[in-house]
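Participant:
Residue numbers (my numbering): 50 to 219.
1. Return the chain-ordered list of same chain residues with a C-beta closer than 6 Å to the C-beta of residue 51, the five sequence neighbours on each side being excluded.
2. Mind pulling the beta strand (DSSP E) runs of 3 or more residues that sit fully within the region 177-211?
3. Along the beta strand (DSSP E) that carries residue 158, what are the first and last residues, could you check?
4. Can you check the region 100-164 for any alpha helix (DSSP H) of at least 4 residues that lies completely inside it and give the ranges in chain order?
5. Use the C-beta contact count for residue 200: other C-beta atoms within 10 angstroms, 16 or more gives buried, fewer gives exposed.
6. Where do the N-terminal and C-terminal ends of the alpha helix (DSSP H) with residue 233 fall, by residue?
7. Under 8 Å, do residue 215 and residue 70 count as touching if we go by C-beta distance?
8. To the nearest angstrom, how far is the alpha carbon of residue 105 from that of residue 75?
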């Protein structure tokens, strides 16, 4: 089969034809999604756990005593999703949850040796390829991307709840 799609010009300019421009952008989305998917597959193949779990482990390592709420905020996920991640990590003896202080419901998380071993073997970046790449972009680029993606989200009527699902779970 002959590839009739035009590659994106090096200048960053889109093709003049609207349909070709849409196809060009679609191809770029595919490149991003495939790179993210490949990274998560590599993480899972290497350490036997998902990317969100590895990211959570790295946050617990970097912030000993972090709570589930702070973990959820750091990962930009719903607190119930973070609780499920933590429960799995505790069950697999990667982290320990300790209840201290006046509020006995609050759990402080700390990394166990098995969790440290996973992080030692896991390919980075621990937060995932996309968050790491986004952090490297200039503020003006992020602002444009944010505005443009907001328009796309409206155009496809995307559900807001999807914003708090880790990419590795999609």
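Cβ coordinates follow ideal geometry from the N, Cα and C atoms, glycine included.
Facilitator: In terms of the structure at hand:
1. Residue confidence for residue 51 is low, a pLDDT of 38 falling below 50, so the modelled location carries little weight; the figure read from the coordinates is stated next. None.
2. none
3. 156-160
4. 100-111, 117-124 and 128-140
5. exposed
6. Residue numbering for the chain in the displayed model covers 50 to 219; residue 233 lies beyond these limits and cannot be assessed.
7. no
8. 31 Å
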